[in-house]
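There are 2 protein chains.
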Amino acid sequence: MRLATLCDGTRDGRLIVVSPDGAAYAPAPVATLQDALEDWAACSAQLETVGEFPEPLDPVQLAAPLPRAWQWLDGSAFQSHGDLMDAVLGITKIQTHLPLMYQGASDKFYGPYDDVPFGDEALGIDFEGEFGVIVDAVPMGTSAADAMAYIRLIVQINDWSLRTLAGPEMKTGFGWVQAKPHCAMAPFAVTPDELGDQWRDGRVCLDLNVDWNGKRFGAANGGAMGFGFHELVAHAARTRDLVAGTVIGSGTVSNANFREIGSSCIAERRGIEVLDQGEPKTAFMTFGETVRMEAVDAAGRAPFGALEQRVVSVRSSL
Amino acid sequence: MRLATLCDGTRDGRLIVVSPDGAAYAPAPVATLQDALEDWAACSAQLETVGEFPEPLDPVQLAAPLPRAWQWLDGSAFQSHGDLMDAVLGITKIQTHLPLMYQGASDKFYGPYDDVPFGDEALGIDFEGEFGVIVDAVPMGTSAADAMAYIRLIVQINDWSLRTLAGPEMKTGFGWVQAKPHCAMAPFAVTPDELGDQWRDGRVCLDLNVDWNGKRFGAANGGAMGFGFHELVAHAARTRDLVAGTVIGSGTVSNANFREIGSSCIAERRGIEVLDQGEPKTAFMTFGETVRMEAVDAAGRAPFGALEQRVVSVRSSL
Numbered sequence: 001m002r003l004a005t006l007c008d009g010t011r012d013g014r015l016i017v018v019s020p021d022g023a024a025y026a027p028a029p030v031a032t033l034q035d036a037l038e039d040w041a042a043c044s045a046q047l048e049t050v051g052e053f054p055e056p057l058d059p060v061q062l063a064a065p066l067p068r069a070w071q072w073l074d075g076s077a078f079q080s081h082g083d084l085m086d087a088v089l090g091i092t093k094i095q096t097h098l099p100l101m102y103q104g105a106s107d108k109f110y111g112p113y114d115d116v117p118f119g120d121e122a123l124g125i126d127f128e129g130e131f132g133v134i135v136d137a138v139p140m141g142t143s144a145a146d147a148m149a150y151i152r153l154i155v156q157i158n159d160w161s162l163r164t165l166a167g168p169e170m171k172t173g174f175g176w177v178q179a180k181p182h183c184a185m186a187p188f189a190v191t192p193d194e195l196g197d198q199w200r201d202g203r204v205c206l207d208l209n210v211d212w213n214g215k216r217f218g219a220a221n222g223g224a225m226g227f228g229f230h231e232l233v234a235h236a237a238r239t240r241d242l243v244a245g246t247v248i249g250s251g252t253v254s255n256a257n258f259r260e261i262g263s264s265c266i267a268e269r270r271g272i273e274v275l276d277q278g279e280p281k282t283a284f285m286t287f288g289e290t291v292r293m294e295a296v297d298a299a300g301r302a303p304f305g306a307l308e309q310r311v312v313s314v315r316s317s318l
Numbered sequence: 001m002r003l004a005t006l007c008d009g010t011r012d013g014r015l016i017v018v019s020p021d022g023a024a025y026a027p028a029p030v031a032t033l034q035d036a037l038e039d040w041a042a043c044s045a046q047l048e049t050v051g052e053f054p055e056p057l058d059p060v061q062l063a064a065p066l067p068r069a070w071q072w073l074d075g076s077a078f079q080s081h082g083d084l085m086d087a088v089l090g091i092t093k094i095q096t097h098l099p100l101m102y103q104g105a106s107d108k109f110y111g112p113y114d115d116v117p118f119g120d121e122a123l124g125i126d127f128e129g130e131f132g133v134i135v136d137a138v139p140m141g142t143s144a145a146d147a148m149a150y151i152r153l154i155v156q157i158n159d160w161s162l163r164t165l166a167g168p169e170m171k172t173g174f175g176w177v178q179a180k181p182h183c184a185m186a187p188f189a190v191t192p193d194e195l196g197d198q199w200r201d202g203r204v205c206l207d208l209n210v211d212w213n214g215k216r217f218g219a220a221n222g223g224a225m226g227f228g229f230h231e232l233v234a235h236a237a238r239t240r241d242l243v244a245g246t247v248i249g250s251g252t253v254s255n256a257n258f259r260e261i262g263s264s265c266i267a268e269r270r271g272i273e274v275l276d277q278g279e280p281k282t283a284f285m286t287f288g289e290t291v292r293m294e295a296v297d298a299a300g301r302a303p304f305g306a307l308e309q310r311v312v313s314v315r316s317s318l
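These protein sequences, in sequence, are chains A and B. Counting along the first sequence from 1, when you hit position 129 you're at 129 in the UniProt record's numbering, and nothing is skipped either side. Counting along the second sequence from 1, when you hit position 303 you're at 303 in the UniProt record's numbering, and nothing is skipped either side.
#1: Out of Gln277(B), Leu195(B), Pro59(B) and Lys215(B), point me to the one whose CA is closest to Ala299(B)'s CA.
#2: On the CB-based measure, 16 or more other CB atoms within 10 Å of its CB, does His235(A) come out buried or exposed?
#3: Going by the beta-carbon positions, is the gap between Ala224(A) and Ile261(A) smaller than 7 angstroms?
#4: Please report whether the beta-carbon of Tyr25(B) lies at a distance below 7 angstroms from any beta-carbon of chain D.
#5: Quick one: is His182(B) buried, meaning 16 or more other Cβ sit within 10 Å of its Cβ, or exposed?
#6: Note down, in chain order, all residues in the stretch 239-262 of chain B with a beta-carbon under 9 angstroms from any beta-carbon belonging to chain A.
#7: Are the C-beta of residue 319(A) and some C-beta of chain B separated by less than 7 angstroms?
#8: I need the straight-line Cα distance from Arg14(A) to Ala28(A), nearest angstrom please.
#9: Note down, in chain order, every chain B residue with its Cβ under 9 angstroms from the Cβ of Arg68(A).
#10: For Asp136(B), which option in Pro54(B), Ala144(B), Asp39(B) and Arg270(B) has the closest C-alpha, if you only look at C-alpha atoms?
#11: Taking 7 angstroms as the CB-CB limit, is Val296(B) close to chain A?
#12: Taking only beta-carbon atoms, is Phe217(A) less than 7 angstroms away from chain B?
#13: Which class does Asp74(B) belong to by DSSP, given the choice of helix, strand or coil?
#14: For Pro99(A), I'd like the list of residues in its chain whose CB is within less than 7 angstroms of its CB, leaving aside the five on either flank, ordered along the chain.
#15: Please confirm whether Gly126(B) and Ser161(B) have their CB atoms less than 7 angstroms apart.
#16: Mind checking Leu275(B): buried by the 16 CB within 10 Å criterion, or exposed?
#17: At 9 angstroms on the CB atoms, spell out the chain B contacts of Met140(A), in chain order.
#18: Can you tell me which of Gly202(A), Gly90(A), Val291(A) and Ala36(A) puts its alpha carbon nearest to the alpha carbon of Gly249(A)?
#19: Would you please verify whether the beta carbon of Val177(A) is less than 7 angstroms from any beta carbon of chain B?
#20: Flag this pair as touching only if the stretch 118-134 of chain B and the stretch 285-292 of chain B have three or more C-beta atom pairs under 8 angstroms; answer yes or no.
#21: Report yes if the C-beta distance between Gly305(A) and Ala186(A) is below 7 angstroms; otherwise report no.
#22: Applying the criterion that 16 or more other CB atoms from any shown protein chain within 10 Å of the CB defines a buried residue, is Glu55(A) buried or exposed?
#23: Inspect the CB distances between the stretch 135-155 of chain B and the stretch 235-244 of chain B and report whether three or more fall short of 8 angstroms.
#24: Buried or exposed for Met316(A), going by 16 or more other Cβ atoms inside 10 Å?
#25: Can you tell me the Cα-Cα spacing of Gln79(B) and Ser254(B), whole angstroms?
#26: Quick one: does the C-beta of Cys183(B) sit closer than 6 angstroms to a heavy atom of the ligand NAP?
#27: Are the CB atoms of Leu153(A) and Asp297(A) nearer to each other than 7 angstroms?
#28: Pull up the distance between the alpha-carbon of Thr252(B) and that of Asp159(B), whole angstroms please.
#29: Less than 7 angstroms between CB atoms is the rule here; does Gly13(A) satisfy it with respect to chain B?
#30: How about Gly175(B) and Phe174(A): do their beta carbons lie closer than 7 angstroms?
#31: What's the gap between the Cα of Ile157(A) and the Cα of Asp12(A)?
#32: Taking C-beta to C-beta, are Val204(A) and Ser264(A) nearer than 7 angstroms?
#33: Mind pulling the alpha helix (DSSP H) runs of 4 or more residues that sit fully within the UniProt domain "Fumarylacetoacetase N-terminal" (1-68) of chain A?
#34: Is there a C-beta anywhere in chain A that falls below 7 angstroms from the one on Phe174(B)?
#35: By Cβ distance, which residues of its chain are closer than 7 angstroms to Thr164(A), with the 5 residues on each side in sequence left out?
#36: Looking at the structure shown, is Pro192(B) part of a helix, part of a strand, or coil, going by DSSP?
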């Protein structure tokens, strides 16, 4: 099942069920995705009954499938990315067998085709392509093994990041606030069964194609996560109940052979340049530039649809 | 104006207006505090018209005045506390002229008399007495001077903390997730005018009386913040729009003469013990223990009412 949310002028939008080919939709028998998540057993059964899709779907009409959430906890589960970022930021992290995770802004997720406003190009504007899961209510202390059963939906996320601010905030120990403005989501939230064999051990085993200004920048596979999403969920729930609709992120998708397949964020490429050439060569994004992200399977099918966003000045967007 | 929220079985509760003496209330002409915050000009005018308080108020019926929020950003604006915590945690932070801030769980704030469940006493269960403000929608890039005008309500918060987890999470650079479970709020959210002269330069200039198991533990004054709340709001809004109902915290209230007046959290007392005696002497909380927090003015009046909570085992609370 693939779900999406139409912009309708409200903050939560209007839930729709999307056809198998992604080209059409039906209004859902539940008003919003948050409503569905809060009574998933009953609502998902209703949603599954939708079999006719009378309306043509224009992705530009779409909000994020979950346009706001009560909680967004983003991990950093790809070891090859973490190691590089530490190198480029000059961070020496403690060794830990636990996932890395911070809490980010969840009061708004941009839609897949929204322009994204920033105050200043000097902030080091960067995209981060990643995957996420949306969970049901998870009780405090749930084990990783049990956490898998609470994963309701899988999404594809662009975690906008401001690199000039990221290093200094990280060094305070308090984590990121200014360096992590609102994220965006690709059009469709999908149930795990939609991914078939590509959902394995709590990992989205798809290539995430990332294009910067129309040119391929990376195609890393989500299967390389050092922790599965069930382990990230259990980490998040260790000392708190998770509310239904909590979104848990993977962190930037990255593979150890990034020199061949590229990266899902500019900072990683800059890290490689620091390692290989002594200094970063690639500049961050400027106003007017675009990024496109689309996870595809071996047959070229894109379960989450494509996200395509343009960076704009906050002044021009007012 | 003092506002509170009655438990009514819903997540947002039922907004009430509280009498000047705190002993009675009237149902508000707006259903929830979040509703009021999203249309403050119109709603606050309606709320101000309430002049009769027919119902006796039992504080035990109360939820947090804002039982959940779309965003909770907690500062650490008391320098005497920050310096001590760095010492006890072995943290060497970079020098910065910016406020410290992290994003915490906002999907639930405990009510002022709720028992608070934790999984294990070994996690280092600690309270943190602090103040907070609830803001209207704040545009990205708002200056500190302009931010003052967006502060709608002031609250008193108990920021529950798990110290065993705090140091290691801080050293990852990602900030706190497991170390910061849900917070609690004292009964009443008040408009700034309610504090009269005690609201000065974006600071709540009241003593925060903290009693642990019925014994006075601290009475630090909120006026000692190194940054005013307007500066914390501007910091939070530097790269993101803040949604109406965002809660911004001061961090643990602390004064430089903490050896005389005590502390608003156990970790600070332990820090003093490390400095003065070479090791911490005071243990963290155990199940069954209580903490009470009440900010009072010179006349002994408590604008926010009193918060009193008991620590329980998550197993006994199921």
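Note that CB positions come from ideal geometry on N, CA and C, so glycine has one too.
In short, the structure shows the following:
#1: Leu195(B)
#2: buried
#3: no
#4: Considering every chain present, this structure includes no chain D. Its protein chains are A and B.
#5: buried
#6: Thr239, Arg240, Asp241, Leu242, Val243, Gly245 and Thr246
#7: For chain A, the structure presents residues 1 to 318; residue 319(A) sits outside this window and is missing.
#8: 8 angstroms
#9: Trp70 and Val243
#10: Asp39(B)
#11: no
#12: no
#13: strand
#14: Gly75, Ala77, Phe227, Glu231, Leu232 and His235
#15: Looking at the sequence provided, one finds Asp at residue 126(B) rather than Gly. Yes. Within cutoff.
#16: exposed
#17: Pro117, Phe118, Gly119, Pro181 and Val314
#18: Gly202(A)
#19: yes
#20: yes
#21: yes
#22: exposed
#23: yes
#24: Here the sequence assigns Ser to residue 316(A), which means Met is not the residue at that position. Exposed, since its Cβ has fewer than 16 Cβ neighbours within 10 Å.
#25: 8 angstroms
#26: As for the ligand NAP, it is missing from this structure, which has no ligand bound.
#27: no
#28: 8 angstroms
#29: no
#30: yes
#31: 17 angstroms
#32: no
#33: 33-38 and 40-48
#34: yes
#35: Ala122, Leu123 and Gly124
#36: helix
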